[in-house]
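Below is one structure, written out as structure tokens; comments come after it.
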Amino acid sequence: MMRFRSKLMLFFLPFFALFSIVVFFYNHMENRDMIREEIRGKGRVMVESLSHACEFGVLSSDATLLNWATRNVAAHDGVVLLVVYDALGNVLLERNQRSVASSAFPGAPEPGMSVREREVRRDDRLVALDFLAPIYHASFYDMGSPSGFPAKQVIGYIRMGISTEDLDRKLQSSFMGSLAIDLAFLLLGTLVIIGFSGHLTRPITRLSNVVRRFGDGEATLPVAVDTRDEIGLLAENFNTMAKSLEESRLALQAHHDALEKTVMERTGKLKESEERFRQLAENITEVFWIRSLDWKEVHYVSPAYETHWGYRCEDVYADPFSWLEHVMEEDRENVESCLRTMACEAHPVVFPEFQARWADGSVRWIEVRWFPIVDDDGVPSRIAGIARDITRHKESERVIKESQERTSRMKRMEALGVMASGIAHDLNNILSAIVGYPDLILLDLPEESSMVRPLKMIKQSGERAADIVTDLLTVARGVAVDKDVHSLNLSIREYVASAEFRKLEHLHPDVAYTLDLEEALLNARYSPSHIRKSIMNLVTNASEAIEGAGEVTISTRNIYLDRPLSGYEDVSRGEYAVITVQDTGSGISPEDLERIFEPFYSRKVLGRSGSGLGLSVVWNTVRDHGGYINVTSGEAGTAFDIYLPVTRDESTSLVETGATLDLKGGGESILVIDDEPHQREIACRMLASLGYTPQAVKSGEEAVEYLKRVKVDLLLLDMVMYPGMGGGEAYKKALDVAPGQRAVIASGYADSEAVKEAQRLGAGPYIRKPYTLERIGIAIKEELARER
Numbered sequence: 000m001m002r003f004r005s006k007l008m009l010f011f012l013p014f015f016a017l018f019s020i021v022v023f024f025y026n027h028m029e030n031r032d033m034i035r036e037e038i039r040g041k042g043r044v045m046v047e048s049l050s051h052a053c054e055f056g057v058l059s060s061d062a063t064l065l066n067w068a069t070r071n072v073a074a075h076d077g078v079v080l081l082v083v084y085d086a087l088g089n090v091l092l093e094r095n096q097r098s099v100a101s102s103a104f105p106g107a108p109e110p111g112m113s114v115r116e117r118e119v120r121r122d123d124r125l126v127a128l129d130f131l132a133p134i135y136h137a138s139f140y141d142m143g144s145p146s147g148f149p150a151k152q153v154i155g156y157i158r159m160g161i162s163t164e165d166l167d168r169k170l171q172s173s174f175m176g177s178l179a180i181d182l183a184f185l186l187l188g189t190l191v192i193i194g195f196s197g198h199l200t201r202p203i204t205r206l207s208n209v210v211r212r213f214g215d216g217e218a219t220l221p222v223a224v225d226t227r228d229e230i231g232l233l234a235e236n237f238n239t240m241a242k243s244l245e246e247s248r249l250a251l252q253a254h255h256d257a258l259e260k261t262v263m264e265r266t267g268k269l270k271e272s273e274e275r276f277r278q279l280a281e282n283i284t285e286v287f288w289i290r291s292l293d294w295k296e297v298h299y300v301s302p303a304y305e306t307h308w309g310y311r312c313e314d315v316y317a318d319p320f321s322w323l324e325h326v327m328e329e330d331r332e333n334v335e336s337c338l339r340t341m342a343c344e345a346h347p348v349v350f351p352e353f354q355a356r357w358a359d360g361s362v363r364w365i366e367v368r369w370f371p372i373v374d375d376d377g378v379p380s381r382i383a384g385i386a387r388d389i390t391r392h393k394e395s396e397r398v399i400k401e402s403q404e405r406t407s408r409m410k411r412m413e414a415l416g417v418m419a420s421g422i423a424h425d426l427n428n429i430l431s432a433i434v435g436y437p438d439l440i441l442l443d444l445p446e447e448s449s450m451v452r453p454l455k456m457i458k459q460s461g462e463r464a465a466d467i468v469t470d471l472l473t474v475a476r477g478v479a480v481d482k483d484v485h486s487l488n489l490s491i492r493e494y495v496a497s498a499e500f501r502k503l504e505h506l507h508p509d510v511a512y513t514l515d516l517e518e519a520l521l522n523a524r525y526s527p528s529h530i531r532k533s534i535m536n537l538v539t540n541a542s543e544a545i546e547g548a549g550e551v552t553i554s555t556r557n558i559y560l561d562r563p564l565s566g567y568e569d570v571s572r573g574e575y576a577v578i579t580v581q582d583t584g585s586g587i588s589p590e591d592l593e594r595i596f597e598p599f600y601s602r603k604v605l606g607r608s609g610s611g612l613g614l615s616v617v618w619n620t621v622r623d624h625g626g627y628i629n630v631t632s633g634e635a636g637t638a639f640d641i642y643l644p645v646t647r648d649e650s651t652s653l654v655e656t657g658a659t660l661d662l663k664g665g666g667e668s669i670l671v672i673d674d675e676p677h678q679r680e681i682a683c684r685m686l687a688s689l690g691y692t693p694q695a696v697k698s699g700e701e702a703v704e705y706l707k708r709v710k711v712d713l714l715l716l717d718m719v720m721y722p723g724m725g726g727g728e729a730y731k732k733a734l735d736v737a738p739g740q741r742a743v744i745a746s747g748y749a750d751s752e753a754v755k756e757a758q759r760l761g762a763g764p765y766i767r768k769p770y771t772l773e774r775i776g777i778a779i780k781e782e783l784a785r786e787r
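Numbering (numbering that gives the first Met the number 0), first residue to last: 0 to 787.
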């Protein structure tokens, strides 16, 4: 609201300001006319003086004389155009300094006019004053002249242009001076008005301040006003009212202090209770929440929803059911159904366990419990609950269950093995007669006897039973035979060339058989007959799993195994040769997949195909060879992978080839860096056989210290080593010690980006474990020959 003093000022100031502006503009216009008239008079005097000074120069048409006559005027800052014409308008002298106007002759002035004046404008703005005066010559007498004085003759014209810049400067100076005077006058008038209005409003202001302080609760003295006018009477009435109100205020203050003390005591107790609740809610890892009975409003959600789940509490406050979006799809329908049936329960509730995805992408098992909060009358008013992460508990349950199932399966296998051993022993005694006696009887029978065919069938049945006994012994006792170094590729080719395989092709004409064998496959130590039997069982099962047309693929490859396999708690880290038998059948169900290696367990038609021991024989054979077997199955088919430990020993049939001789070194020193003792030994033996001088260390730290003492020609560097620095970091340190150090990178698995980074630093080829003589020899030859 505008104050009274301001209103007075606003009333007088506009009139005073208007008067000042009118005076200012009147003075300015007067000054402008005076300055313009002064410049015009100055221009006329100058051009008339020049007309006399140029008389002799025009008569003689002497430019030098004209220059001398006009030099002082031309040097003047305000003169921007100076032209001398003859009587016909031809230019005798031109000084057009700023091109404000054309130097062409503008025409003679009117008769009787001594000086003609024109304004030069540009863009409607005055830029110069153009003066034109005739030049006279009075050298002859006009005899007819009544005065008897010489007659004047026009012999030429002088034209001069004066810039209005000087005029503008003077006008601007005049304008600023007038403006300063006007502003000073306005300021003085304003101060007078302010003082006058202050004198009028001072008593009112004093009373207003007292009223304001009284309204703010400040203690006030009686208002002292010297005048006895209306303002004085108003002040007296106010003093009476203020005294009465002060007495009431003191009484209310006493009551307020007593009430405030009571409130502070109760507030302190409430804060203590809230602080205990806050510490409990904010430090537990479980999500604690409080909702309304109708579940439409959330009163509180503990910070664990943000710190552990990773979602904002504000989302739950805005939408009480937004947490359902994070429940896994397979559990969401059940959770929503339980909410509909249990939400209105007025007693403690244990909610079914479900899975939820947290913001970090992890899937967690959640257990929810809630209970009603009752008021003083025992009536439920709200619902409090807690959501607990039970993932570790569920994982422990799963591990315990798998361990129990694995233990139960192993015991079942052992029991079946003991049973199979006893059955095999008894069957061997029975089969001795069934297989042996037909041969003795056949010796005494003629070829055309009707008993020959039945006896041969009895013998063949006995031999098939003997094969089953052999499988039973394999299941019961394992492969109790010597194992030598052999080539798995050779064993597979021998099986493919066997009569059993040809018979299998005949029984399954619509199945295509494909070999995909790695030529550089490492040797393994095994029993050829048992491994071929395992291959035959797997290929037979694969063929029988295909209904109609399909494909069975037998492949081999080298692999460096450092990851666990399904079904094995511990897998020895190292090099393995892998045999894979893959079919395009309908796959194995998850229920059958857990029991396929149990003796006599089979889904085949009873009596028509197999004895149920085929995969049990494979499992026992692989186990007794220190290997592993892995099965993957789906709608596209099934694949059996047999992992057998490799050996660097050569078979007796292996001879040195010319290709190997070409890889021979010349005694170059090579430092092998690998954390696996077996790998260091294999690499050093292979390098020595190729003619190099190898040394080995077990870590990157040892390699750097070794390079500080000894210079080597090349590093054979494993990229993944534990613990300590990896291969990439070790190579960086090696370059600091030995700039330009050559290196070959090797690993069973390595991050491709880490390999590329080492090669960008200067490392050479990358070779994959397991090592082969040809692969390691080519890589070293290539790196030693590479230009640096």
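The beta-carbon is built from N, C-alpha and C at its ideal position, and this holds for glycine as well.
No experiment lies behind these values; they were computed from the predicted model shown.
Cβ neighbour criterion (16 or more within 10 Å) applied to residue i
| i | result |
| --- | --- |
| residue 398 | exposed |
| residue 178 | exposed |
| residue 750 | Reliability of the predicted coordinates at residue 750 is poor, the pLDDT of 49 falling under 50, and no value is obtained from them. |
| residue 44 | exposed |
| residue 25 | exposed |
| residue 687 | exposed |
| residue 256 | exposed |
| residue 642 | buried |
| residue 532 | buried |
| residue 204 | exposed |
| residue 275 | exposed |
| residue 713 | buried |
| residue 507 | buried |
| residue 67 | exposed |
Helix, strand or coil at residue i [DSSP, three-state]
| i | result |
| --- | --- |
| residue 712 | coil |
| residue 322 | helix |
| residue 107 | coil |
| residue 247 | helix |
| residue 596 | coil |
| residue 67 | helix |
| residue 790 | As shown, the chain starts at 0 and ends at 787. That puts residue 790 outside it, with no answer to give. |
| residue 357 | coil |
| residue 637 | strand |
| residue 719 | coil |
| residue 49 | helix |
| residue 168 | helix |
| residue 310 | coil |
| residue 129 | strand |
| residue 583 | coil |
| residue 77 | coil |
| residue 135 | strand |
| residue 25 | helix |
| residue 93 | strand |
| residue 707 | helix |
| residue 765 | strand |
| residue 734 | helix |
Whole-Å CB distance - residue i paired with residue j, under 8 Å assumed
| i | j | result |
| --- | --- | --- |
| residue 108 | residue 131 | 6 Å |
| residue 550 | residue 495 | That belief does not hold up - the Cβ atoms of residue 550 and residue 495 are roughly 15 Å apart, past 8 Å. |
| residue 128 | residue 38 | 7 Å |
| residue 58 | residue 154 | 6 Å |
| residue 175 | residue 42 | At roughly 25 Å, the Cβ-Cβ gap does not stay under 8 Å, so residue 175 and residue 42 are not in contact. |
| residue 746 | residue 718 | 4 Å |
| residue 389 | residue 364 | 5 Å |
Range of the contiguous beta strand (DSSP E) that encloses residue i
| i | result |
| --- | --- |
| residue 55 | Note, residue 55: premise wrong, no beta strand (DSSP E); alpha helix (DSSP H) at 54 to 59. |
| residue 287 | 286 to 291 |
Residue i: first and last residue of the uninterrupted alpha helix (DSSP H) it sits in
| i | result |
| --- | --- |
| residue 559 | Looking at the DSSP string, residue 559 is not in any alpha helix (DSSP H); the run it does join, the beta strand (DSSP E), is 549 to 560. |
| residue 372 | Looking at the DSSP string, residue 372 is not in any alpha helix (DSSP H); the run it does join, the beta strand (DSSP E), is 362 to 373. |
| residue 677 | 676 to 688 |
beta-carbon residue i near the ligand FAD non-hydrogen atom, thresh 7 Å
| i | result |
| --- | --- |
| residue 175 | For the structure depicted, the ligand FAD is absent and the ligand set is empty, with no information on it obtainable. |
In chain order, which beta strand (DSSP E) runs of at least 3 residues are fully inside the segment 247 to 276?
none
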